[in-house]
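Start counting the sequence shown at 0; every next residue gets the next number (numbering that gives the first Met the number 0). Working notes, structure below.
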Amino acid sequence: MTSFGERLRSRIDSRGPLCVGIDPSTALLRAWGLDDSPSGLEKFARSAVEAVADLAPVVKPQSAFFERFGSRGVAVLESVIADARARGALVIMDAKRGDIGSTTAAYAQAYLDPAGPLAADAVTVSPYLGFGSLRPMVDTALAHGAGLFVLARTSNPEAGEVQLATGPDGRTVAATVMDHVAGLNRGAAPLGSIGVVLGATLDDPGYPVERLGGPILAPGVGAQGATFADAARLFAGARRDVLPSVSRAVLAEGPDPARLRAAVSRLGAEAREHLSA
0 MTSFGERLRS RIDSRGPLCV GIDPSTALLR AWGLDDSPSG LEKFARSAVE
50 AVADLAPVVK PQSAFFERFG SRGVAVLESV IADARARGAL VIMDAKRGDI
100 GSTTAAYAQA YLDPAGPLAA DAVTVSPYLG FGSLRPMVDT ALAHGAGLFV
150 LARTSNPEAG EVQLATGPDG RTVAATVMDH VAGLNRGAAP LGSIGVVLGA
200 TLDDPGYPVE RLGGPILAPG VGAQGATFAD AARLFAGARR DVLPSVSRAV
250 LAEGPDPARL RAAVSRLGAE AREHLSA
């Protein structure tokens, strides 16, 4: 069994550092000339994955856009995971789950146990019920060679009131989260399996990112205004470990598969130029 960190390092080194978000919003479905319905969802999501998943190292379906259609949408999500893996991409489930006790263990089983139909290579998680609440997620991920991306400093402007709050030791909440992640990755090679989410639109990550030892999922490139050069500057201490995430910058080129592939090739080359050491 190879770890998620090992698989991700291999994919980034061979395909370049790029994560393509699969975000079938109402607006994008309509832009593709599709109904905002389960059938439109399936056409959009599976066509996008078919076009990009043999080029991009990672795809990241946003669970909410599938869940809004109930069981039929979740069935499409299962197909998307299988399709992406069949084309050689790793899958990060963007679910941002966080709870306690048996509920956290159930989320871990759903997204990280390979026996489940929704199992992905990694899942995004929220530590804001206390980092220790993620222990079932951590244990399940490491037991099955999967990974986590822990929300640390996100790009939404509301986040600061929680993430930048300071504790009795003077550390921000976000820095405390990143210290926990660094501890979990200590000694892992070539890359730890516990990553963080840090927005590429930030002015400063507020932490020496070279200490993390795991991957940095960096949303905000493209439609949100950040560039690959911004990500390279912001995360200079861990540049090779950065996985910038783009969604609309690729998906807006659909439904033509040639244009989708051209967008991934162009953005992937730009990401490699700025982020590959």
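Here a beta-carbon is modelled for each residue, glycine too, at the ideal position from N, C-alpha and C.
* **Close-in-space but distant-in-sequence residues of the same chain around A225 (CB under 6 Å, 5 per side omitted)** => A199, T200, G219
* Shortest alpha-carbon distance to V57 belongs to which of L233, Y127, G97, A47? -> A47
* Asked: Can you give, in chain order, each stretch of the beta strand (DSSP E) that sits fully within the stretch 48 to 135 and has at least 3 residues?
  -> 57 to 60, 89 to 96, 121 to 124
* To do: Closer than 6 Å by C-beta to R8: which residues in its own chain qualify, once you throw out the five before and the five after it? Chain order, please.
  => P189, L190
* Asked: Going by the CB atoms, is the gap between T139 and A107 shorter than 7 Å?
  -> yes
* With DSSP as the reference, label P214 as helix, strand or coil. => coil
* Asked: A109 and G115 look like a contact to me (Cβ under 8 Å); what is the Cβ gap, rounded to whole Å?
  -> Contact flag correct, Cβ pair sits at about 6 Å.
* Segments assigned alpha helix (DSSP H), at least 4 residues, entirely inside the stretch 167 to 209 -> Uninterrupted alpha helix (DSSP H) stretches at least 4 residues long and entirely within the stretch 167 to 209 occur at 172 to 184, given in chain order.
* Where does F43 fall in DSSP's three states? -> helix
* To do: Evaluate contact between the stretch 224 to 241 and the stretch 204 to 212, counting only Cβ atoms and requiring at least three cross-stretch pairs below 8 Å.
  => yes
* To do: Please classify A119: is it buried, with 16 or more other beta-carbons within 10 angstroms of its beta-carbon, or exposed?
  => The residue is buried, with at least 16 neighbouring Cβ atoms inside 10 Å.
* Can you tell which of E5, A30, V51 has its C-alpha closest to the C-alpha of V263? -> V51
* Could you give the DSSP three-state label for G159: helix, strand or coil? => Of the three classes helix, strand and coil, the one that applies to G159 here is helix, per DSSP.
* Mind checking whether L89 and R14 have CB atoms under 7 Å apart? -> no
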